[in-house]
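Below is one structure, written out as structure tokens; comments come after it.
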Amino acid sequence: MRDHVDRMSWRRHALWGWLLAFLFVGLAAPAAPASPSFVARCELEGVVDTGSGAYLADCVKRAEDEGASALLVRLDTPGGSLEATRSVVRAFLGSRVPVLVWVGPSGSRAGSAGVFIALASNVSAMAPGTNIGAAHPVGLGGEDVAQAGGEELARKVENDTVAFAEGIARQRGRNPEWAAAAVRDSASVPADRAVELRVVELVAPTEAAFLSAVDGRRVEVAGGDTVTLATREAHVVSLEPGLSQQVVHALAQPSLIYLLFLVAVLGLVVELSHPGAVAPGLIGGVALVLALMASATLPVRSGALVLMLMGVGLILAELFVTSGLLGAAGVGLLILGGVFLVDRFEPGWFVEPSFRMSWGVMLPTALVFAGTAAFVAYRSAQTRKLPQRGGDAGLVGEAGTALAPVTPSGGEVFVHGERWRAVSFTPIREGAQVVVRAVEGLTLTVAEQMP
């Protein structure tokens, strides 16, 4: 009995020994490697507007929420809205994830508002053949703000913008003197010179080369934390913009707003002159909605919209008067409204001179619209000149079918899509083809149609 108890005790101790051994081995073994880090990627190509600004700010939040090791931004912009630019800068400076900006590929630029975005990054690089700068406030037509608001307004806007640029540069350890010169003197430099001036850190021909070059670099993020970049072998995950952001960004073009307004007017005019066509009215309605959405992304003058609406009214009146003068005046007002549609001197925009209303789009579009409106008015006038055949007299000569035998005392026929009481001087059998000879009240006089 004692031997049995000893054997049980030995087995129990042996079991506990094995369990402890496995436990110590597990603790001593190295931890399983963590999931490989990834770099979130987004891009800004085109004007900085409400849509693209919201997209970049959203990319920062998504990169933080999804645990990205860094956020890579490909930049190619002529500039844009100062309000949208400030929202992007706030997101970059407040990011807990390192923000890396690459101006590329070759031929790209970080113009005007793009300067502030590049300065706000933790690390920035430029591809060979790119440039950065020219951040002086100009209107959407390329004119200096002083031309519209005077020297006092220009000085206020310039000083505020210089302080904005210098503050970003100092916070990121970049050259505040050059940042001020980019605003005051529209200074612009190529990639290699930007590195010499401490505007950007690197020249990198590709995104992969950029990520490889910054691997191991230590940067400070929001909150004062220091992060070591691990980007050499990181997987790059693209963050796509939402549909609404894509639509708003695509609509932020001065010439496109004008084009959409004219398409909307043309579609609605054709629908009114040809009721039931459906397609022109649908296209015009969609274009009108898109035009209103686009007008929310750019500084649109309300007075210009009034001019365009007056032009629409005159063109619609031309459909009924057909004098030609109202239509010509309406088209003239549409062109005049297009010229002043976008406020070219809005001080809240920082763009290159190339970003403006395009006469190459505006004039041909206005001429096509004028020709189409004239054609619609001409066809409407020709239609009104045709002899009218309305009322019961219009049924004389129409063919139909006898729904029941027709006699001098009465019968029933189907004519012009309707049932009619009918009489005939000679009996007509059911189903025979008939032709209307006369109309008296609600009774038709018919005769059998000979083959």
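To get this note's numbering, take the position in the sequence shown, counting from 1, and add 52. Even for Gly, the Cβ is constructed at its ideal location relative to N, Cα and C.
- Collapsing the DSSP output to three states places T278 in a strand.
- About 12 Å separates the CB atoms of D267 and A256; that is not less than 8 Å, and the two are not in contact.
- R224 counts as buried, since at least 16 other C-beta atoms from the protein chains shown sit within 10 angstroms of its C-beta.
- Per DSSP, reduced to three states, the secondary structure at N211 is helical.
- In chain order, G103, S104, A106, Y107 and D110 place their CB closer than 8 Å to the CB of Q297, counting only its own chain and leaving out the 5 sequence neighbours on each side.
- Looking at the DSSP output, E492 shares a beta bridge with T495.
- Within the stretch 261-309, the runs of alpha helix (DSSP H) at least 4 residues long that lie entirely inside it are, in chain order, 295-303.
- Of all C-beta pairs linking the stretch 182-189 to the stretch 226-242, three or more are shorter than 8 Å, placing the two stretches in contact.
- Between the stretch 474-487 and the stretch 449-459 there are three or more inter-stretch CB-CB distances shorter than 8 Å, so the stretches are counted as touching.
- Close CB contacts of A143 within its chain, under the 6 Å cut and outside five residues either way in sequence, are with A109 and V112 (chain order).
- Distance from the CA atom of S139 to the CA atom of A381, rounded to whole angstroms, is 43 Å.
- Between V289 and A122, the C-beta spacing is not below 9 Å.
- Excluding the 5 residues flanking it on each side, A369 has same chain C-beta neighbours closer than 6 Å at L378, in chain order.
- Per DSSP, the beta-bridge partners of N183 are R161 and P242.
- Residue environment analysis places N211 among the exposed positions, since fewer than 16 neighbouring C-beta atoms fall within 10 angstroms of its C-beta.
- Between the alpha carbons of N183 and R250 lies a distance of about 14 Å.
- Cβ-Cβ distances below 6 Å link A234 to V167, G185 and A187 in the same chain, with the five nearest sequence neighbours on each side left out; the list follows chain order.
- Remark: fewer than three beta-carbon pairs, one from each stretch, lie closer than 8 Å, so the stretch 125-141 and the stretch 305-322 are not flagged as touching.
- Runs of the beta strand (DSSP E) lying entirely within the stretch 92-129, each at least 3 residues long, are 122-128 in chain order.
- Remark: C-beta atoms of L263 and A231 do not approach each other more closely than 9 Å.
- Counting C-beta atoms within 10 angstroms of its own C-beta, H301 has 16 or more neighbours from the protein chains shown and is therefore classed as buried.
- Between the alpha carbons of T258 and V175 lies a gap of roughly 15 Å.
- Sequence-distant Cβ neighbours of R226 in its own chain, meaning closer than 7 Å and more than five residues away, are L171, R250 and V251.
- When the Cα atoms are used, L447 and V488 turn out to be separated by approximately 7 Å.
- In this structure V91 does not touch G132 by the C-beta definition: roughly 25 Å separates them, more than the 8 Å allowed.
- Across the set V358, V352, V330 and L318, the C-alpha of L318 shows the shortest separation from the C-alpha of L340.
- Scanning its chain for C-beta atoms nearer than 7 Å, with the 5 sequence neighbours on each side dropped, one finds no residue around S354.
- E204 and P351 have their C-alpha atoms some 21 Å from each other.
- Counting only the Cα atoms, A490 lies some 14 Å from V465.
- Rounded to the nearest whole angstrom, the CA to CA distance from L393 to A356 is 5 Å.
- Distances from the CA of P306 to each of R481, W411 and W154 were compared; the closest alpha carbon is that of W411.
- By the CB criterion at 9 Å, A484 and E470 fall outside the cutoff.
- Taking 9 Å as the cut-off, the Cβ atoms of S173 and V149 do not count as close.
- Residue environment for T349: buried (at least 16 other C-beta atoms within 10 angstroms of its C-beta).
- Distance from V498 to T453 at the Cβ level is roughly 10 Å; contact not present, criterion being Cβ atoms closer than 8 Å.
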